[in-house]
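Basically the working numbering = 1-based index in the sequence shown + 8. We put the beta carbon where it would ideally sit given N, CA and C, even for glycine. Just so we're clear, the structure is a prediction, and the values are computed from it rather than from any experiment.
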Amino acid sequence: MQLGDVLTDETLDVQTASVEVDRIEIDSRRCVYPTLFFALPGSNADGVDFVRDAVARGAVAVVSPRAITSAVPVVVIPASRIHRVLAQASAAVSEHPETGIELVGVTGTNGKTTVTSLVANLARSLGWNGAVIGTLTNERTTPAAPELFRSLARLRHDFDPSRPASVVALEVSSHALDQQRVVGCHFAVVAFTNLSHDHLDYHHTMESYFAAKARLFGPEYSSRAVIWVDDPYGAQLAASTALAVTTVSRRDASDVTSSLSGTAFFWRGHLVNTVLVGDYNIDNALVAMSIMVELGAREDEVAAAMAGVAAVSGRFEVVHQGEFTVIVDYAHTPQGLERLLASVRELCEGRVLSVFGCGGDRDASKRPAMGRVASQMSDLTVVTSDNPRHESPDAIIDAIMAGVVGPADVRREADRRVAIARALEEARPGDVVVVAGKGHETTQTFADRVEDFDDREVVRELLKGS
Numbered sequence: 009m010q011l012g013d014v015l016t017d018e019t020l021d022v023q024t025a026s027v028e029v030d031r032i033e034i035d036s037r038r039c040v041y042p043t044l045f046f047a048l049p050g051s052n053a054d055g056v057d058f059v060r061d062a063v064a065r066g067a068v069a070v071v072s073p074r075a076i077t078s079a080v081p082v083v084v085i086p087a088s089r090i091h092r093v094l095a096q097a098s099a100a101v102s103e104h105p106e107t108g109i110e111l112v113g114v115t116g117t118n119g120k121t122t123v124t125s126l127v128a129n130l131a132r133s134l135g136w137n138g139a140v141i142g143t144l145t146n147e148r149t150t151p152a153a154p155e156l157f158r159s160l161a162r163l164r165h166d167f168d169p170s171r172p173a174s175v176v177a178l179e180v181s182s183h184a185l186d187q188q189r190v191v192g193c194h195f196a197v198v199a200f201t202n203l204s205h206d207h208l209d210y211h212h213t214m215e216s217y218f219a220a221k222a223r224l225f226g227p228e229y230s231s232r233a234v235i236w237v238d239d240p241y242g243a244q245l246a247a248s249t250a251l252a253v254t255t256v257s258r259r260d261a262s263d264v265t266s267s268l269s270g271t272a273f274f275w276r277g278h279l280v281n282t283v284l285v286g287d288y289n290i291d292n293a294l295v296a297m298s299i300m301v302e303l304g305a306r307e308d309e310v311a312a313a314m315a316g317v318a319a320v321s322g323r324f325e326v327v328h329q330g331e332f333t334v335i336v337d338y339a340h341t342p343q344g345l346e347r348l349l350a351s352v353r354e355l356c357e358g359r360v361l362s363v364f365g366c367g368g369d370r371d372a373s374k375r376p377a378m379g380r381v382a383s384q385m386s387d388l389t390v391v392t393s394d395n396p397r398h399e400s401p402d403a404i405i406d407a408i409m410a411g412v413v414g415p416a417d418v419r420r421e422a423d424r425r426v427a428i429a430r431a432l433e434e435a436r437p438g439d440v441v442v443v444a445g446k447g448h449e450t451t452q453t454f455a456d457r458v459e460d461f462d463d464r465e466v467v468r469e470l471l472k473g474s
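What follows is the structure in structure tokens.
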């Protein structure tokens, strides 16, 4: 494809416009011939510093936010527009794979992974093509635009064209919206789960965080929305967006019965049985089922299909049930941890024991709040490490401990394996041990190394050896 067909809104000289490219990259290490390299400005590194490396590896043209000297043509696009152009160009090079796919965009602080996984699984249960792009499949919640559109192209290629519909459910993060990674995507449905304290190291205020999320609910991205309105930000969004809105609320579920093995309730007159556990997973299921109806599925078929949908990896995942129960969950925000522990408390016959930490190089302001929640809602808490990255594990634990309130039994142990072992040693019949924060993750990241670490496997190993 010629550069002039990729950068359609830019004024290029004839020679530059005729350069052939078949790939776009923002990481110079991934460049091969013939790549168009976008030298993006960044908070930690400047892409311009890597232009020479990109060209050496096969880049045949460069997009830069400022004029630079290079051995290949350089197109200057201001920093204010460069991310938008990147997304548009990525879609073009991948031959607009978003067309012919029913895209579903889900945003919110908590619940994105569960809702998108449910949508994809429900689609497959109904005989449709279904896939998800998000936390479980990528390093980033929402991939950078080049990888996003490559992923969509692969999915479109792999989908069975004989099936009645093709659905891709995409987790859309606030970072992705702020950095315009999903420009060029038109979603059949967009959905909002909730908003609570997270990512304030990036957005600084809840108002800015909400504004980033709200961008998904404009006509550029969709015409239809499913919004959880029991959340005050959701109610505000539903009242302000110009999109056609289907509101979702806990009131949509009646006659709820729950256990640590699953949940049953009635929705729109239909019985729903699901292996999902916890009140907040009822919320997630309601949002996912409403999305499916907006995509054209029948309510009775959606309700029946929920019985065959598996639990989501690392989300209220029961990894041991014996005299006591062990649950692994991804909860890593104050609200997420609170909702998790509240659900466990409601279903638990004995005590609630929790193990958790907070990530390094991430929003530090939520750490005391996490300590407060755990100390108020657990009978025993062991505060530990969770991807400390470049920070001191003990310093992170200190910040968490600063939020501890009351006479709670809260202990500290920087070694996550030892922390989990101590909680398991304390467990009695009827207790539930909750290991929170990492969920599906299989590594632990330190400043100088990345170690294999899967909470679920660690629990199984410790119990097997006890």
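Query, Result
"Would you kindly work out how many angstroms separate the C-alpha atoms of threonine 389 and tyrosine 338, rounded to a whole number?", "16 Å"
"Are there 16 or more other CB atoms within 10 angstroms of the CB of threonine 333, so buried, or fewer, so exposed?", "buried"
"Serine 248 CB to nearest chain C CB: under 8 Å?", "The structure shown has no chain C; it contains just one protein chain."
"Hey, how far is the Cα of alanine 99 from the Cα of phenylalanine 45?", "15 Å"
"For arginine 223, which residues in the same chain have their Cβ closer than 7 Å to its Cβ, ignoring the five residues on either side in sequence?", "Leu185"
"Based on the DSSP secondary-structure assignment, which residues constitute the bridge partners of glutamate 459?", "Gln452"
"Rounded to whole angstroms, what is the Cα-Cα separation between aspartate 21 and serine 230?", "35 Å"
"Are isoleucine 76 and valine 82 touching if we call contact CB-CB under 8 Å?", "yes"
"Quick one: using the 10 Å Cβ neighbour count with 16 as the cut-off for buried, is proline 240 buried or exposed?", "exposed"
"Distance check for isoleucine 85 and proline 71, CA to CA, integer angstroms please.", "The sequence given here has valine at residue 71, not proline. For valine 71 and isoleucine 85, the distance between alpha carbons rounds to 7 Å."
"Are the Cβ atoms of aspartate 371 and aspartate 209 separated by less than 8 Å?", "yes"
"Is the distance from the Cβ of glutamine 244 to the Cβ of alanine 95 below 8 Å?", "no"
"For the stretch 403 to 422 against the stretch 312 to 320, do three or more pairs of beta-carbon atoms, one drawn from each stretch, fall closer than 8 Å, so that the two count as touching?", "no"
"For histidine 328, which three-state DSSP category applies?", "strand"
"Rounded to whole angstroms, what is the Cα-Cα separation between valine 123 and threonine 24?", "44 Å"
"Where in the stretch 243 to 280 do unbroken runs of the beta strand (DSSP E), each at least 3 residues long, occur, reported from the N-terminal end onward?", "252 to 256, 261 to 267, 270 to 275"
"Evaluate aspartate 228 with the Cβ neighbour count: other Cβ atoms within 10 Å of its Cβ, from every protein chain shown; 16 or more gives buried, anything less gives exposed.", "In the sequence on display, residue 228 carries glutamate and not aspartate. By the neighbour-count rule (16 or more Cβ atoms within 10 Å), glutamate 228 is not buried but exposed."
"What three-state label does DSSP hand glutamine 96 in the structure shown?", "helix"
"Can you tell me where the alpha helix (DSSP H) with leucine 208 in it begins and where it stops?", "208 to 211"
"Hey, could you find the ends of the beta strand (DSSP E) asparagine 289 is sitting in?", "Per DSSP, asparagine 289 belongs to no beta strand (DSSP E); it is in the alpha helix (DSSP H), 287 to 302."
"How many angstroms separate the CA atom of threonine 213 from the CA atom of serine 373?", "11 Å"
"With three or more beta-carbon pairs closer than 8 Å as the criterion, would you say the stretch 377 to 391 touches the stretch 399 to 417?", "yes"
"From valine 140 to valine 360, what distance separates their C-alpha atoms?", "33 Å"
"Take valine 391 as the anchor and find which of Cys366, Ala252, Ala293 has the nearest alpha-carbon.", "Cys366"
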